[in-house]
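Colleague: Each protein sequence line maps, in turn, to chains A and B.
According to numbering that gives the first Met the number 0, the residues represented by the first sequence are 0 to 224, in order.
According to numbering that gives the first Met the number 0, the residues represented by the second sequence are 0 to 224, in order.
There are 2 protein chains.
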Amino acid sequence: MPATLESTLVSAPLPSVRRLPRYLVFLKECRNLGRVVVSCTHIAEYLALDPTLVRKDLALTGIVGKPRIGYPVDELIASIETFLGWNNTSDAFLVGVGHLGKALLGFREFEARGLRIVAAFDADPARVGTSVHGREVLPMEKLANLVERMHIHIGIITVPRDAAQQVADALVKAGIRAIWNFTITSLHVPEGIVVENADLTPSLAALSSRLKAALETAEERRMLV
Amino acid sequence: MPATLESTLVSAPLPSVRRLPRYLVFLKECRNLGRVVVSCTHIAEYLALDPTLVRKDLALTGIVGKPRIGYPVDELIASIETFLGWNNTSDAFLVGVGHLGKALLGFREFEARGLRIVAAFDADPARVGTSVHGREVLPMEKLANLVERMHIHIGIITVPRDAAQQVADALVKAGIRAIWNFTITSLHVPEGIVVENADLTPSLAALSSRLKAALETAEERRMLV
DNA sequence: GAATTATCGAGAAATATTTCTCCTTTCCGC
DNA sequence: GCGGAAAGGAGAAATATTTCTCGATAATTC
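Okay, here's the thing in structure tokens:
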């Protein structure tokens, strides 16, 4: 039996979880406009989804709506944010202060979404000691000690792909529980460690594929007419 | 009408397409190590996937393997790259030269993956005229004209989320066919325009959710023992 | 040269996810 | 209050995706 990276125990459907943040954007917009309640039909229409799908997703968070009324906006926002754990922020370490690492360190929005990058590390001595968006870049040697001392659960990998596995090993050894992997490298980690891949290449592949299909469809229509 | 046309009309399963780039990483590693053939079993083992799944994904690209041997590495790489359209690069425009936009402009790897960002635009006059990774930042006014003149199909949106819809409208009006959307804003576009969302927030949500589940599972096990 | 074994291919089965259908609830106008 | 319309809830149906099973094939070993 091949070792599975994902523990397929009881957890929420991942596609649903991924949609939740987009609901939040719309809901906060509603709140800003002074709306008190919102129906899943409205949400679905705005996001071009099926209303039932939205209802199912929202039900995951434990909220119940009222027929003919909808969901109370404030409660719904709170419910989703609680479900996603965005209320109590988790601290994370980032490894690899290149272009992307710097960009991530600059996203102040993460903090509103439950993630605080508290320290950055790099193997390049030239980068160590510099300051990026208010955080000093630390040497890799300090990583293990600090992970333990600060009870860090999340590691963010933004190093060149060849170094990714090595960094992952170091993070796991230090006691990290989840890795946000921005390289395309397929990381090998012990069971129980969560790896979420955020590399852009798969998304680019999907874009290419869909664009190709769209252009072909358009071409065909043009020839039929 | 050739059968290939029909097969492209029914677009490939997106999850499969997203996995293809990860196969490529492994395959190129194999090639570098001097391997000539590789079996889907090996690929599957390395990526912690089911062998049959890998076989089905590879079959999408039209390659046929040999029993007891596997797939010829070079041919397989070529087959996947052709399928993904990584051989003939498409030109793209990027709008929004903030942290992320700059980071994307700095990724030279995109070119090996069929994407060349040929120009960058920004609404901020302070940024217009500056140079980022060798490309001059142009004013938004020039966008429409250049999209048409250069036959650009792909637009990349890396602006603040509030400006995203407006930029998308401008891109669509200019004649763009696909949008790579790095904001969490749900874009409204006419039918036939492809929108691929690459915002990190859904991935972060998935990470949080899975980490939470993993920690709970671990806790549960600990209490059982 | 035959047996053995690893691998691919195809289609069936299983699972996950999304959509549909019907029913209940609640508000609004009368 | 009462009936109708609109909205959400629950579970079934449909669809998409993944996994399983079995048969065929080709290299390796004896």
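Even for Gly, the Cβ is constructed at its ideal location relative to N, Cα and C.
Identify whether A91/A lies in helix, strand or coil by the three-state DSSP scheme.
Modeller: Note: A91/A maps to strand in three-state DSSP.
Colleague: Can you tell me where the alpha helix (DSSP H) with D73/B in it begins and where it stops?
Modeller: Run containing D73/B: 72-83, per the alpha helix (DSSP H) assignment.
Colleague: Report yes or no: is there a C-beta of chain A within less than 8 Å of the C-beta of Y45/B?
Modeller: With 8 Å as the cut-off, Y45/B counts as an interface residue toward chain A.
Colleague: Sort R18/B, G69/B, R67/B by Cα distance to L52/B and report the nearest one.
Modeller: Cα-wise, what sits closest to L52/B is R18/B.
Colleague: Closer than 7 Å by beta-carbon distance: list the chain B residues that pair up with G191/A, in chain order.
Modeller: Here the neighbours are A213, A217.
Colleague: For V16/B versus S15/A, is the C-beta spacing smaller than 8 Å?
Modeller: Result no, Cβ atoms of V16/B and S15/A do not sit closer than 8 Å.
Colleague: Which one of G128/B, R160/B, G84/B has the shortest CA to CA distance from R310/A?
Modeller: The question about residue 310/A has no answer here: the residues shown for chain A are numbered 0 through 224.
Colleague: At the level of alpha carbons, what is the spacing between V37/A and Q164/B?
Modeller: Going from the Cα of V37/A to the Cα of Q164/B covers about 22 Å.
Colleague: Any C-beta of chain B sitting closer than 8 Å to the C-beta of A205/A?
Modeller: Closer than 8 Å: yes.
Colleague: By how many angstroms is the C-alpha of A47/B removed from the C-alpha of A104/B?
Modeller: Going by the sequence as given, residue 104/B is Leu instead of Ala. Approximately 32 Å between the Cα atoms of the pair.
Colleague: Contact between the stretch 164-180 of chain A and the stretch 127-137 of chain A: three or more CB pairs below 8 Å?
Modeller: Because the criterion of three Cβ pairs below 8 Å is not met, the stretch 164-180 of chain A and the stretch 127-137 of chain A do not touch.
Colleague: For A122/B, which three-state DSSP category applies?
Modeller: In the structure shown, A122/B sits in coil (DSSP, three-state: anything other than H, G, I, E or B).
Colleague: Could you check whether the Cβ of I183/B sits closer than 8 Å to any Cβ belonging to chain A?
Modeller: At least one chain A Cβ lies under 8 Å of I183/B.
Colleague: Is I151/A closer than 8 Å to A91/A when the C-beta atoms are compared?
Modeller: Yes. Within cutoff.
Colleague: To the nearest angstrom, how far is it from the Cα of T40/A to the Cα of L99/B?
Modeller: T40/A and L99/B: Cα-Cα distance of roughly 34 Å.
Colleague: Just curious, the alpha helix (DSSP H) that G249/B is in, first and last residue?
Modeller: In this structure chain B extends from 0 to 224, so residue 249/B is not present and cannot be described.
Colleague: Could you say which of V117/B, S130/B, T129/B lies nearest to L142/B if we only look at CA atoms?
Modeller: The candidate whose alpha carbon is nearest that of L142/B is V117/B.
Colleague: Evaluate contact between the stretch 56-66 of chain A and the stretch 78-98 of chain A, counting only Cβ atoms and requiring at least three cross-stretch pairs below 8 Å.
Modeller: Touching, per the Cβ criterion.
Colleague: If the cut is a Cβ gap below 7 Å, which residues of chain A does T200/B touch?
Modeller: Within 7 Å Cβ-Cβ: P20, R112.
Colleague: So, for H225/B: in the same chain, excluding its five sequence neighbours on each side, which residues have a beta-carbon less than 8 Å away from its beta-carbon?
Modeller: Here chain B covers residues 0 to 224 and nothing more, so residue 225/B does not appear.
Colleague: Would you decide whether A119/A is buried or exposed? Buried here means 16 or more other CB atoms lie within 10 Å of its CB.
Modeller: Buried is the call here.
Colleague: Under a three-way DSSP split, which group does E190/A fall into?
Modeller: Residue state, collapsed to three classes: coil.
Colleague: Closer than 8 Å by C-beta to A162/B: which residues in its own chain qualify, once you throw out the five before and the five after it? Chain order, please.
Modeller: Cβ within range, chain order: G95, A122.
Colleague: Determine whether the Cβ of K27/A lies closer than 8 Å to any Cβ atom of chain B.
Modeller: With 8 Å as the cut-off, K27/A does not count as an interface residue toward chain B.
Colleague: Verify whether the separation of the beta carbon atoms of A197/B and W179/B is less than 8 Å.
Modeller: Yes, the pair counts as a contact, with Cβ atoms nearer than the cut-off.
Colleague: Using the beta-carbon of each residue, which ones in chain B are nearer than 8 Å to G133/A?
Modeller: Chain B residues near G133/A: none, gap ~14 Å exceeds 8 Å.
Colleague: Are the C-beta of R17/A and some C-beta of chain B separated by less than 8 Å?
Modeller: Interface residue, yes.
Colleague: Anything in chain A within Cβ reach of A197/B, meaning under 7 Å, just list it in chain order.
Modeller: Going along chain A in sequence order, the residues near A197/B (Cβ under 7 Å) are L199, S202.
Colleague: When we look at the beta-carbon of G113/B and count the other beta-carbons within 10 Å, is it buried (16 or more) or exposed?
Modeller: Burial call: buried.
Colleague: Please classify E218/A: is it buried, with 16 or more other beta-carbons within 10 angstroms of its beta-carbon, or exposed?
Modeller: Per the 10 Å Cβ criterion, exposed.
Colleague: Between A125/B and K101/B, what straight-line distance do the alpha-carbon atoms span, to the nearest angstrom?
Modeller: Rounded to whole angstroms, A125/B to K101/B spans 15 Å at the Cα level.
Colleague: Using the beta-carbon count (16 or more within 10 Å), is P201/A buried or exposed?
Modeller: That one is buried.
Colleague: Between K101/B and chain A, is the shortest Cβ-Cβ distance under 8 Å, so that the two count as touching?
Modeller: Yes, its Cβ sits closer than 8 Å to a Cβ of chain A.
Colleague: Write down the C-beta distance between I153/B and L210/A rounded to the nearest angstrom, noting that I regard them as a contact closer than 8 Å.
Modeller: The pair is a contact, with the Cβ atoms about 7 Å apart (cut-off 8 Å).
Colleague: Please go through the same chain and pick out, in chain order, the residues whose beta-carbon is closer than 8 Å to the beta-carbon of D49/A, but skip the five residues on each side of it.
Modeller: So the list reads A43, once near-sequence residues are dropped.
Colleague: To the nearest angstrom, report how far apart R220/B and L206/B are at their CA atoms.
Modeller: Near 21 Å, if we compare the C-alpha coordinates of L206/B and R220/B.
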